[in-house]
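Trainee: Please find one structure pasted underneath; my questions will follow.
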Amino acid sequence: MIKILKKSLQVSWVALGAANSFGATPTLQGQSGYINMPSAFVEADGTVSVGLGHDKPYDSFWVTATLLPYLQITGRYVGISNIAGFTNVAGGYGSNYGRYKDKVIDGKLMLWQEGRYLPSVAVGKTDIFGTELFAGKYVVATKTFGAARNVEATIGLGKNRPRGAFAGIRWAPVAVPGWAFVGEYDATDYKNDFRASESGADRHKKGPAIAVEYRWGWLGAQIARQRDHFSANAYLSIPFDQREFIPKLYEPAPFDPKKAPPQVGVDEWQLHASHGAELVQALVKQDFKNVRVTFEDNTLKLSLTNSRISNMGRAVGRAVRTALAFAPRGTRAIQVTYTKLEQSVVTYEFIDLQRLTDYFTGLVNREDFLQTVNVRYARPSDQIGEEQQGLLAAIGDEGSLHVQVGQDGNTVQLVSEDREANRFKVIPKVSFFFNDPSGALRYELWAAANYDRRLAEGLYLNSDLKLDLFENVSGVTQPSNSLLPHVRTDIADYKRGGRFKLNRLMLNQYMMPAERVYARVSGGLYEEMYRGVGGQILYLPKDSRWAADMSIDALQQRGVKGWFDKRDYQTVTGFTALHYKLPYDVTATARAGRFLAKDNGVRLEFKRRFPSGVEIGIWYTRTNGRDITNPGTPSNPYNDKGVFLSVPLNVMLPLDSQASASIGLSPWTRDVGQMVASPGDLYDLVEQPRRDLNTFDGLGNFAERRDEQNLPAVHPPVDAMPNPWPLFRMRVEQSVKTTPTLPQWANGAVLGGGAILAGALLDKPVDRFMKKHEGSSVARAWNNVGKATPVVLAGAAASAVAFGDARMQNIGIISLESIAGAAALSIATKHVVGRARPNEGLGQWSRATDRSNASFPSNHATVAFAAVTPFAQEYDAPWLYGLAAAGSLGRTAGREHWVSDVVAGGVLGMAVGGWLWQAQRTDTRSNFAVTPGEKSVGVAWFGTY
Numbered sequence: 001m002i003k004i005l006k007k008s009l010q011v012s013w014v015a016l017g018a019a020n021s022f023g024a025t026p027t028l029q030g031q032s033g034y035i036n037m038p039s040a041f042v043e044a045d046g047t048v049s050v051g052l053g054h055d056k057p058y059d060s061f062w063v064t065a066t067l068l069p070y071l072q073i074t075g076r077y078v079g080i081s082n083i084a085g086f087t088n089v090a091g092g093y094g095s096n097y098g099r100y101k102d103k104v105i106d107g108k109l110m111l112w113q114e115g116r117y118l119p120s121v122a123v124g125k126t127d128i129f130g131t132e133l134f135a136g137k138y139v140v141a142t143k144t145f146g147a148a149r150n151v152e153a154t155i156g157l158g159k160n161r162p163r164g165a166f167a168g169i170r171w172a173p174v175a176v177p178g179w180a181f182v183g184e185y186d187a188t189d190y191k192n193d194f195r196a197s198e199s200g201a202d203r204h205k206k207g208p209a210i211a212v213e214y215r216w217g218w219l220g221a222q223i224a225r226q227r228d229h230f231s232a233n234a235y236l237s238i239p240f241d242q243r244e245f246i247p248k249l250y251e252p253a254p255f256d257p258k259k260a261p262p263q264v265g266v267d268e269w270q271l272h273a274s275h276g277a278e279l280v281q282a283l284v285k286q287d288f289k290n291v292r293v294t295f296e297d298n299t300l301k302l303s304l305t306n307s308r309i310s311n312m313g314r315a316v317g318r319a320v321r322t323a324l325a326f327a328p329r330g331t332r333a334i335q336v337t338y339t340k341l342e343q344s345v346v347t348y349e350f351i352d353l354q355r356l357t358d359y360f361t362g363l364v365n366r367e368d369f370l371q372t373v374n375v376r377y378a379r380p381s382d383q384i385g386e387e388q389q390g391l392l393a394a395i396g397d398e399g400s401l402h403v404q405v406g407q408d409g410n411t412v413q414l415v416s417e418d419r420e421a422n423r424f425k426v427i428p429k430v431s432f433f434f435n436d437p438s439g440a441l442r443y444e445l446w447a448a449a450n451y452d453r454r455l456a457e458g459l460y461l462n463s464d465l466k467l468d469l470f471e472n473v474s475g476v477t478q479p480s481n482s483l484l485p486h487v488r489t490d491i492a493d494y495k496r497g498g499r500f501k502l503n504r505l506m507l508n509q510y511m512m513p514a515e516r517v518y519a520r521v522s523g524g525l526y527e528e529m530y531r532g533v534g535g536q537i538l539y540l541p542k543d544s545r546w547a548a549d550m551s552i553d554a555l556q557q558r559g560v561k562g563w564f565d566k567r568d569y570q571t572v573t574g575f576t577a578l579h580y581k582l583p584y585d586v587t588a589t590a591r592a593g594r595f596l597a598k599d600n601g602v603r604l605e606f607k608r609r610f611p612s613g614v615e616i617g618i619w620y621t622r623t624n625g626r627d628i629t630n631p632g633t634p635s636n637p638y639n640d641k642g643v644f645l646s647v648p649l650n651v652m653l654p655l656d657s658q659a660s661a662s663i664g665l666s667p668w669t670r671d672v673g674q675m676v677a678s679p680g681d682l683y684d685l686v687e688q689p690r691r692d693l694n695t696f697d698g699l700g701n702f703a704e705r706r707d708e709q710n711l712p713a714v715h716p717p718v719d720a721m722p723n724p725w726p727l728f729r730m731r732v733e734q735s736v737k738t739t740p741t742l743p744q745w746a747n748g749a750v751l752g753g754g755a756i757l758a759g760a761l762l763d764k765p766v767d768r769f770m771k772k773h774e775g776s777s778v779a780r781a782w783n784n785v786g787k788a789t790p791v792v793l794a795g796a797a798a799s800a801v802a803f804g805d806a807r808m809q810n811i812g813i814i815s816l817e818s819i820a821g822a823a824a825l826s827i828a829t830k831h832v833v834g835r836a837r838p839n840e841g842l843g844q845w846s847r848a849t850d851r852s853n854a855s856f857p858s859n860h861a862t863v864a865f866a867a868v869t870p871f872a873q874e875y876d877a878p879w880l881y882g883l884a885a886a887g888s889l890g891r892t893a894g895r896e897h898w899v900s901d902v903v904a905g906g907v908l909g910m911a912v913g914g915w916l917w918q919a920q921r922t923d924t925r926s927n928f929a930v931t932p933g934e935k936s937v938g939v940a941w942f943g944t945y
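FYI, the numbering for the sequence shown is 1 to 945, going by my numbering.
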């Protein structure tokens, strides 16, 4: 077996090395390129690279991820020699921090890939957020040459860093695989770098540089000679687009029907609980938990979950295979409900057991088998209740305590788990904390003892004891200067509070009040810093693209001793969250509500899931809390942000597993935009089973047949975004063909001109009235409504595209097109007319000093009326015009526009919206769908010519 494993790994590594023998190779800063200069290439979709680059005086630890096939993001931690991070004075503030360090985020967007004649072209930006010490922009083009495509040339133009024209070339000799020779013209003007005279960077000169590099599988290294010094780069590239890195050599085989007892009749099976108990016992041995069995109306019904198998379809397949072997004679159907914490999620119904048997043995293809299967969202009635306790009593409990080494990715763990998922586990854990002034690296190593117990149906006790073994986080003594309540910044006080603590002690009641509706009520010690009571409710529509939940928690800050002591701070947090599925298996989540420091705002999250199951995500929070902790200032407060990575361990283990390893990187001494640790997030609970349900036929790797491993339903392809150009061209053609005739234009011009002239008569009297009441609360509120109206209406149009049926999606697209077209015409008209705004005090017909900020027409009114017109026409809803007018007139309340500006904007928006609606509303040649195939998630445009 070891030889087989070694061979498989070797094939995987060599294949990756061959695919990347040149081209998308990281620079010293992590982005794909040469030595310091970037290329237009990005690494393969899903590739994550980690490396160390040394280019005196800079040392960089960097991580680069190709989040989308055309988008590469790099995060790097740069140390600058010869410059103290805070002070060199012994005992001074930050004296133990060491040299200066900076966090940098870079991005590269590939505009198009290389073609037969055209090069690949990309644009990039360095040091996007934060201090911007290494900020720069560039555009770059790259082309490969030669029969083997082993020669690569690049030319680009940069601003700031690099500055001016740059170039690069790479040759990967076919005779020596893995090796490449690199040359570049470095256009970086190092003397302009941060404190370059102190660090020594000013001694670096722009100009040519050469390097040699070698890449073997996932590993790579480069040594370069620049004009006056050497540099080095070493890295590890992991292809997370692969489904697994290690074959499942130790995966247990499915249940062998030959091991089942002799088949009995229905009466015998129902009379003696031992027959059902044998089935339950066989399922428990396969890692099934919360198993419930009943027999009704000649249907064998099961509800269960699996604690190890990652794919729901494969888990259900093993359960059905086992149930088929134990089912009594006369069984006509089998029903399996897959649960999470005893909450029914998905139900599988098999109505032809002979065809089911034939499918398992390979005698029936998948298409024929699907005619006898129904896969659907579960109903509350599908859950088998507590009346099975008599049957379960006949089963022995095998929850013995034992030591596991290398299980679920843990080096060692002490664990006990029984058939009801009652579990006791002791495992080592470690945390790292970076960039505190008192020391650049802080760590904490502890032993975590988790005890989870089922108390009743859906009621669970969850606890976590913590014993600190080694830590230096308590050495952080500098008090925070945060003006917000210290909801997180006092974390060092908690680390000093005691070595042995009760981190968590929660009672969680999970419920399913209706189909696709889940709820949770919780109370107890949430985490190290907070206790309280709260709850959450989740709604899953039949449309698999989105879900929504609400949560609320009444919290009190715990004391630093880590038991039942408390602090005085209390708060209530509450959020409404919307989750939406995008192409490339990207999930966007927006949370709006109240955070821990009583600041109100929005948190946006985006995460990409790769075929391996690895998830990479980012979040950004914007609230009204003004955090002035560095780098925040009173004029530019800090907003919480971060990145996270979740790796399913089954891709690196020789058997399947649901365990995962997660890491998050964000500032750890911030109070703004903070949330309490969820006792059990419902969306996270059902996200994977729901994904499996809505992936093609919902069966996944159900039968584990070798002849089906290449089926899209078994191994789904990446759900890519189709090319929007055909649809765009089609709609333009439709609109051009239905352009209004000259009489129609003339009639519209007369009506629109009359309305604008009528509005002009009201310009002065309305403005005098608004000037008189300019400071009133009503005028301010109306002005704010006017500012928000176009944003809200445009968002409503986008929501129609995202959530509506086919008709509403089409009207939403027309509305967005109308907004874009009408806004462009409005901006152009502003530059031509150049009318002054009322608040400039120059008069009704005066010219604006800044034509780009001219008054006529009102952009806000244009966008508002363009957004509502297609909907008003399609759904016969003239009240929408009133809504747009009421909001747009708020611009006169703030004296940003004359009445005639608003009327002109409304006329323009209605004209464009009406024209595009008339052109595209009834055309059957084009169609838009966010879900192109059966139970698949994606965005597609369909059209015929």
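Ideal Cβ positions, reconstructed from N, Cα and C, are used throughout, including at glycine. From a predicted model like this one, the values you see are computed outputs, not experimental measurements.
Mind checking whether VAL902 and ARG895 have CB atoms under 8 angstroms apart?
Mentor: Against the sequence shown, residue 902 aligns to sequence position 902. Against the sequence shown, residue 895 aligns to sequence position 895. Cβ atoms of VAL902 and ARG895: not closer than 8 angstroms.
Trainee: Please state the DSSP three-state secondary structure of SER815.
Mentor: Here residue 815 is taken as the residue at index 815 of the sequence shown, counted from 1. In the structure shown, SER815 sits in a helix (DSSP, three-state: H, G or I).
Trainee: Look at the Cβ atom of LEU596, then the Cβ atom of THR571, and state whether they are nearer than 8 angstroms.
Mentor: To locate residue 596, count along the sequence shown from 1; it is residue 596. To locate residue 571, count along the sequence shown from 1; it is residue 571. It is a contact, given that the beta carbons lie within the stated cut-off.
Trainee: Can you tell me which of the three DSSP states GLU874 falls into?
Mentor: Locating residue 874 in the sequence shown gives position 874, counting from the first residue. Reduced to three states, the DSSP call for GLU874 is helix.
Trainee: What did DSSP end up calling ASP671 once you bin it into helix, strand or coil?
Mentor: For the purposes of this step, residue 671 is taken as residue 671 along the sequence shown, with counting starting at 1. In the structure shown, ASP671 sits in coil (DSSP, three-state: anything other than H, G, I, E or B).
Trainee: Use the C-beta contact count for TRP563: other C-beta atoms within 10 angstroms, 16 or more gives buried, fewer gives exposed.
Mentor: As a position in the sequence shown, residue 563 is number 563, starting the count at 1. Exposed, by the Cβ-count rule.
Trainee: Any idea if HIS715 is buried or exposed, counting beta-carbon neighbours within 10 angstroms, 16 or more meaning buried?
Mentor: What you label residue 715 is simply residue 715 of the sequence shown in a count that begins at 1. HIS715 should be labelled exposed.
Trainee: Measuring CA to CA, which of ALA90, ALA234, VAL316, ASP193 is closest to GLY700?
Mentor: Here the question's residue 700 lines up with position 700 in the sequence shown. The candidate whose alpha carbon is nearest that of GLY700 is VAL316.
Trainee: Considering only DSSP beta bridges, list what LEU279 is partnered with.
Mentor: Position 279 of the sequence shown, counted from the start, is the residue given in the question as residue 279. DSSP lists no partner for LEU279.
Trainee: If we count Cβ pairs, one from each stretch, closer than 8 angstroms, do we get three or more for the region 52 to 62 versus the region 108 to 124?
Mentor: The answer is no - the region 108 to 124 does not touch the region 52 to 62, with fewer than three Cβ pairs under 8 angstroms.
Trainee: Please work out which residues of its chain come closer than 7 angstroms, Cβ to Cβ, to ALA592, disregarding the five sequence neighbours upstream and downstream, and give them in chain order.
Mentor: As a working mapping, residue 592 is identified with position 592 in the sequence shown. Excluding positions up to five away in sequence, the list reads PHE575, THR576, VAL602.
Trainee: Whole angstroms are fine: how far does the CA of TYR185 sit from the CA of THR144?
Mentor: Looking up residue 144 in the sequence shown gives position 144. Looking up residue 185 in the sequence shown gives position 185. Whole-angstrom Cα-Cα distance: 18 angstroms.
Trainee: Alpha helix (DSSP H) containing GLU268: first to last residue?
Mentor: The sequence position of residue 268 within the sequence shown is 268, counting from 1. Residues 266 to 271.
Trainee: Does the distance from the C-beta atom of ALA258 to that of LEU655 stay below 8 angstroms?
Mentor: Start at 1 with the first residue of the sequence shown, and residue 258 comes out as number 258. Start at 1 with the first residue of the sequence shown, and residue 655 comes out as number 655. Here the sequence assigns Lys to residue 258, which means Ala is not the residue at that position. Their beta carbons are not under 8 angstroms apart, which means LYS258 does not touch LEU655 by this criterion.
Trainee: Nearest to TRP546 by CA position, among TYR580, VAL533, ASN508, is which residue?
Mentor: Position 546 of the sequence shown holds residue 546. The shortest Cα separation from TRP546 among TYR580, VAL533, ASN508 belongs to TYR580.
Trainee: Determine, using beta-carbon pairs with one atom in the region 440 to 449 and one in the region 550 to 570, whether at least three such pairs fall under 8 angstroms.
Mentor: Output reads no: the region 550 to 570 does not touch the region 440 to 449.
Trainee: Please state whether the Cβ-Cβ distance between ALA861 and SER888 is less than 8 angstroms.
Mentor: Indexing the sequence shown from 1 puts residue 861 at position 861. Indexing the sequence shown from 1 puts residue 888 at position 888. Yes. Within cutoff.
Trainee: So what does PRO717 bridge to, in DSSP terms?
Mentor: In the sequence shown, counting from the first residue as 1, residue 717 sits at position 717. For PRO717, which the question treats as bridged, DSSP gives no partner whatsoever.
Trainee: With respect to the beta strand (DSSP E) encompassing PHE41, which residues constitute its N-terminal and C-terminal limits?
Mentor: Position 41 of the sequence shown, counted from the first residue, corresponds to residue 41. It is not in any beta strand (DSSP E) - PHE41 carries neither H nor E in the DSSP assignment.
Trainee: What residue range is occupied by the uninterrupted beta strand (DSSP E) comprising THR25?
Mentor: Here the question's residue 25 lines up with position 25 in the sequence shown. Note, THR25: premise wrong, no beta strand (DSSP E); not H, not E.
Trainee: Let me check one thing: in DSSP terms, what residues is ILE384 bridge-paired to?
Mentor: In the sequence shown, residue 384 corresponds to position 384, counting from 1. Bridge partners of ILE384: none, in fact.
Trainee: Would you say the beta carbon of VAL151 comes nearer than 7 angstroms to a heavy atom of the ligand FAD?
Mentor: As far as ligands go, the structure on display features none, and thus does not contain the ligand FAD.
Trainee: Does DSSP put PHE181 in a helix, a strand or coil?
Mentor: Looking up residue 181 in the sequence shown gives position 181. Strand at PHE181.
Trainee: Using the Cα positions of MET675 and VAL487, report the straight-line distance between them to the nearest angstrom.
Mentor: Position 675 of the sequence shown, counting from 1, holds the residue named residue 675. Position 487 of the sequence shown, counting from 1, holds the residue named residue 487. One C-alpha to the other measures close to 9 angstroms.
Trainee: Does the separation of the CB atoms of PRO26 and GLY46 fall below 8 angstroms?
Mentor: Translated into positions along the sequence shown, residue 26 becomes position 26. Translated into positions along the sequence shown, residue 46 becomes position 46. No, these two residues do not count as a Cβ contact at 8 angstroms.
Trainee: Would you be able to state if there are at least three C-beta pairs under 8 angstroms between the region 854 to 872 and the region 903 to 910?
Mentor: Touching, per the Cβ criterion.
Trainee: Taking GLY673 as the reference, give the member of ASN639, TRP879, ASP358, VAL647 with the closest Cα.
Mentor: Taking the first residue of the sequence shown as position 1, residue 673 is located at position 673. Nearest option by C-alpha distance: ASN639.
Trainee: Under 7 angstroms Cβ to Cβ from VAL364, same chain only, skipping five residues before and after it: list those, please.
Mentor: Along the sequence shown, one-based indexing puts residue 364 at 364. Correct list, in chain order: ARG355, ASP358.
Trainee: Should ARG706 be labelled buried (16 or more other beta-carbon atoms within 10 Å of its own) or exposed?
Mentor: Translated into the one-based positions of the sequence shown, residue 706 becomes position 706. The residue in question, ARG706, is exposed, as its Cβ has fewer than 16 Cβ neighbours within 10 Å.
Trainee: According to the neighbour-count rule (16 or more other Cβ atoms, all chains shown, within 10 Å of its Cβ), is LEU467 buried or exposed?
Mentor: Translated into positions along the sequence shown, residue 467 becomes position 467. Classification of LEU467: exposed, given that the 10 Å Cβ count is below 16.
Trainee: Please confirm whether PHE295 and TRP269 have their CB atoms less than 8 angstroms apart.
Mentor: Here residue 295 refers to the residue found at position 295 when the sequence shown is read from its first residue. Here residue 269 refers to the residue found at position 269 when the sequence shown is read from its first residue. Yes, they are a contact pair.
Trainee: Where does the unbroken alpha helix (DSSP H) through VAL947 begin, and where does it stop?
Mentor: Residue 947 is absent from the model: the chain starts at 1 and stops at 945.
Trainee: Any idea if VAL176 is buried or exposed, counting beta-carbon neighbours within 10 angstroms, 16 or more meaning buried?
Mentor: The residue you call residue 176 lines up with position 176 of the sequence shown. It is exposed - the Cβ of VAL176 has fewer than 16 other Cβ atoms within 10 Å.
Trainee: Mapping the DSSP letters down to three states, classify VAL151 as helix, strand or coil.
Mentor: As a position in the sequence shown, residue 151 is number 151, starting the count at 1. Correct three-state label for VAL151: strand.
Trainee: Just reading off the alpha helix (DSSP H) that ALA893 is part of, what are its end residues?
Mentor: Within the sequence shown, numbered from 1, the residue matching residue 893 stands at position 893. Taken as a continuous stretch (DSSP letters only), the alpha helix (DSSP H) holding ALA893 covers 890 to 893.
Trainee: For the beta strand (DSSP E) containing TRP546, list its first residue and its last residue.
Mentor: By one-based count along the sequence shown, residue 546 stands at place 546. Run containing TRP546: 546 to 558, per the beta strand (DSSP E) assignment.
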